[in-house]
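The block underneath contains the structure these notes are about, expressed in structure tokens.
Residue numbers (my numbering): 27 to 412.
Below, the structure is given as structure tokens:
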């Protein structure tokens, strides 16, 4: 049986594959076709079927119609605006990371449209000067801006709850947050697109809850300093008193999460032990490693005491929760972003889009939209919303 061929522009196939960071053997296996057949497609010696084109478009994060364009468009590299925290070239970025960043950028643009449709103005994110003011003063300003007190923070019942609450605080300021799956943490723990309106923060769902909390606030610091960055190295290597931007962001993050006054009042010097560090870790919802860094930085413990305790703790893996699985609705909310989903539903509730458009914009089937709305807004699941 002969299947209809898609008479695409082969240059666009090569362009899209390279933009997504795929080598030919990998992308050919995802269609699936032999490598030789893919090479023929890129040379224009053969054409994929229309069904194959649909798969190609999905894998390369394009619309099928894109491959019929006459000319290759002018388009910046997906990661061109990012620097890495170690200032090394980002070679061989995982295609799943590139896809996540491309989607985050599209969703950010859609947020402007959502807000315009319901006559809402995005909040403007304040800008901090990395070279002026102390870390303590800036951390206090940020906590006041977010409206978080230590009483509220210490009431959070788990690291998972703390991550959700920190995200909620940032999303209330119109900061778009997404969690990206299927990327190893050594390739990328997080990224920030530091725009004045709808800045984007991405965090890796494979990381533990405490690690994601630290990355989230670290990326917030980059947003406030207007520095778009991709974390491709261990943040534990960037503590210290030098004035590099990463060290400043790390110290600011630690001060936001574990304020000097609160740890001073909560630390029992006479009971210094692994148990005491774990107690403080649970109170502040950060790793024991970060607690020890704070205690030593603030001269509450000696270098010798720090050295004796630090082997018992990990900067990243102090709590569970990392992974790509889980509840489908929860995954949709954290990957698409609660800010985005709420704006999409508000457009539907205000009759700016219909239910089919809502399904397309959320990537969710119509029969499941009601439950998605309930979980997005924390409404009773027995209610009728869509």
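We treat Cβ as the ideally placed atom computed from N, Cα and C, and that holds for glycine.
- Could you have a look at residue 301 and say whether DSSP puts it in helix, strand or coil? Your numbering for residue 301 matches position 275 in the chain shown. In this structure, residue 301 counts as helix in the three-state DSSP scheme.
- Item | Cross-strand partners of residue 230 (DSSP beta bridge) | Position 204 of the chain shown, counted from the first residue, corresponds to residue 230. According to DSSP, residue 230 bridges with 206.
- N-terminal and C-terminal residue of the beta strand (DSSP E) that residue 55 is part of: Residue mapping note: residue 55 aligns to position 29 of the chain shown, counting from 1. Where residue 55 is concerned, there is no enclosing beta strand (DSSP E), although the alpha helix (DSSP H) it sits in stretches over 50-56.
- In angstroms with no decimal places, state the Cα-to-Cα distance between residue 334 and residue 246. Within the chain shown, residue 334 is the residue found at index 308, counting from 1. Within the chain shown, residue 246 is the residue found at index 220, counting from 1. Approximately 32 Å between the Cα atoms of the pair.
- Excluding the 5 residues preceding and the 5 following residue 107 in the sequence, name in chain order all residues of the same chain whose CB lies nearer than 6 Å to its CB. As a first step, residue 107 is located in the chain shown; it is residue number 81 there, counting from the start. If we look at residue 107 and ignore the five residues flanking it on each side, its Cβ neighbours are 254.
- Item | Through-space distance from residue 36 to residue 388, alpha-carbon basis | Position 362 of the chain shown, counting from 1, holds the residue named residue 388. Position 10 of the chain shown, counting from 1, holds the residue named residue 36. Near 31 Å, if we compare the C-alpha coordinates of residue 36 and residue 388.
- Query: So what's residue 240 in DSSP terms, helix, strand or just coil?
  - Reply: Here residue 240 corresponds to residue number 214 of the chain shown, with the count starting at 1. Helix.
- Environment of residue 382 [buried if 16+ CB atoms lie within 10 Å]: Looking up residue 382 in the chain shown gives position 356. When all chains shown are included, residue 382 counts as exposed.
- Apart from the five residues just before and just after residue 174, which ones in its own chain have a Cβ nearer than 7 Å to its Cβ? Mapped onto the chain shown, residue 174 falls at position 148. Its chain contains 195 as the residues whose beta carbon lies nearer than 7 Å to that of residue 174, once the 5 sequence neighbours on both sides are disregarded; these appear in chain order.
- Message: Does residue 375 come out as helix, strand or coil in the three-state DSSP assignment?
- Response: Start at 1 with the first residue of the chain shown, and residue 375 comes out as number 349. Residue state, collapsed to three classes: helix.
- Straight-line CA distance for residue 238 to residue 342? Within the chain shown, numbered from 1, the residue matching residue 238 stands at position 212. Within the chain shown, numbered from 1, the residue matching residue 342 stands at position 316. Near 8 Å, if we compare the C-alpha coordinates of residue 342 and residue 238.
- Query: Alpha carbon to alpha carbon, what distance is there between residue 200 and residue 225?
  - Reply: Start at 1 with the first residue of the chain shown, and residue 225 comes out as number 199. Start at 1 with the first residue of the chain shown, and residue 200 comes out as number 174. Distance between the alpha carbons of residue 225 and residue 200: 8 Å.
- Item | Coarse secondary structure for residue 122, derived from DSSP in three states | Within the chain shown, the letter at position 96 stands for residue 122. Looking at residue 122 - three-state DSSP - the assignment turns out to be helix.
- Task: Report the option in 185, 197 and 277 whose CA atom is closest to the CA atom of residue 19.
- Result: The requested residue 19 does not occur in the structure, where the chain is confined to residues 27 to 412.
- Message: Under 8 Å, with one C-beta from each stretch per pair, do the stretch 160-171 and the stretch 211-221 reach the 3-pair mark?
- Response: no
- Item | C-alpha gap between residue 398 and residue 146, whole angstroms | For this step, residue 398 is matched to residue 372 along the chain shown. For this step, residue 146 is matched to residue 120 along the chain shown. Cα to Cα, the separation comes out at about 23 Å.
- Item | N- and C-terminal bounds of the beta strand (DSSP E) containing residue 151 | Counted from its first residue, the chain shown places residue 151 at position 125. Per DSSP, residue 151 belongs to no beta strand (DSSP E) and is neither H nor E.
- Do residue 24 and residue 365 have their C-beta atoms closer together than 7 Å? This structure gives no information on residue 24, because the portion of the chain shown stretches from 27 to 412.
- Message: Contact between the stretch 68-83 and the stretch 50-58 is defined here as three or more beta-carbon pairs at a separation below 8 Å; is this criterion met?
- Response: yes
- Classify residue 359 as helix, strand or coil using the three-state DSSP reduction. Your numbering for residue 359 matches position 333 in the chain shown. The answer is helix: DSSP assigns residue 359 an H, G or I state.
- Item | Separation of residue 71 from residue 273, as counted between CA atoms | Along the chain shown, read from residue 1 onward, the residue named residue 273 stands at position 247. Along the chain shown, read from residue 1 onward, the residue named residue 71 stands at position 45. Whole-angstrom Cα-Cα distance: 53 Å.
- Task: Spatial neighbours of residue 40 within its chain, please: CB distance less than 6 Å, with the 5 preceding and 5 following residues excluded, ordered by chain position.
- Result: Here the question's residue 40 lines up with position 14 in the chain shown. If we look at residue 40 and ignore the five residues flanking it on each side, its Cβ neighbours are 68.
- Item | the stretch 281-288 / the stretch 309-322 touching (three or more Cβ pairs under 8 Å) | Contact holds: three or more Cβ-Cβ distances are below 8 Å.
- Task: Can you check DSSP and say which residues form a bridge with residue 256?
- Result: Locating residue 256 in the chain shown gives position 230, where the first residue counts as 1. BP columns for residue 256 point to 110 and 217.
- Length of the line joining the Cα atoms of residue 152 and residue 193: Here residue 152 corresponds to residue number 126 of the chain shown, with the count starting at 1. Here residue 193 corresponds to residue number 167 of the chain shown, with the count starting at 1. Between residue 152 and residue 193, the C-alpha separation is close to 17 Å.
- Query: Under 7 Å, do residue 216 and residue 257 count as touching if we go by C-beta distance?
  - Reply: Stepping through the chain shown from its first residue, residue 216 is reached at position 190. Stepping through the chain shown from its first residue, residue 257 is reached at position 231. Yes; because the gap between Cβ atoms is below 7 Å, this pair is in contact.
- Message: Quick check: the Cα distance between residue 132 and residue 295, rounded to an integer number of angstroms?
- Response: In the chain shown, residue 132 corresponds to position 106, counting from 1. In the chain shown, residue 295 corresponds to position 269, counting from 1. Each residue's alpha carbon lies about 50 Å from the other.
- Who pairs with residue 31 in a beta bridge, going by DSSP? As a working mapping, residue 31 is identified with position 5 in the chain shown. According to DSSP, which records beta bridges pairwise, residue 31 is partnered with 75.
- Message: Suppose contacts are defined by Cβ-Cβ distances below 7 Å. Is residue 34 in contact with residue 168 by that definition?
- Response: One-based indexing of the chain shown puts residue 34 at position 8. One-based indexing of the chain shown puts residue 168 at position 142. No, the pair does not count as a contact, with Cβ atoms beyond the cut-off.
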